[in-house]
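S.K.:
In our numbering, the protein residues as written are 2 to 93.
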C-alpha cells in the first residue's frame, strides 16, 4: 500500500521506492492539530518506528520503507519529512 498522497515528502517517497526493506533513515512525523504527542509516539513505535525524540506536534525517529508506508496511512499524520540541514546565518 502506498502512503497517502501529499503526506510523505517527495524525497522520502523516492527513498521508499528505491531502498530495501531493511534500509533505515531518519524521519520527522508532524501531527495534526490536537493529536497527543505521547499517544502518537506510542502508536509510531507499534508501527515499527524507533522513536528518538518528541516535541510539540512532532515525533522524530528511524524508519524503514515498510514502516514509512504504514505511517503514511495514519489519518492523524499531517506530514512525514526528512531531517532539515541547519544553515549558518553568517556570510563570508
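C-beta atoms are modelled at their ideal positions from N, C-alpha and C, and glycine is treated no differently. Quick caveat: nothing in here was measured; it's all calculated off a predicted structure.
1) Is residue 90 buried or exposed, if buried means 16 or more other CB atoms sit within 10 Å of its CB?
2) Tell me which same chain residues have a C-beta within less than 7 Å of the C-beta of residue 21, skipping the five on either side of it?
3) Give the list of continuous beta strand (DSSP E) stretches no shorter than 3 residues that lie fully inside the region 8 to 42.
4) In the DSSP assignment, find the beta strand (DSSP E) that holds residue 79 and state where it starts and stops.
5) Give a yes or no on whether the C-beta atoms belonging to residue 58 and residue 38 are separated by under 8 Å.
M.R.: Straight from the coordinates:
1) exposed
2) none
3) 26 to 32
4) 78 to 82
5) yes
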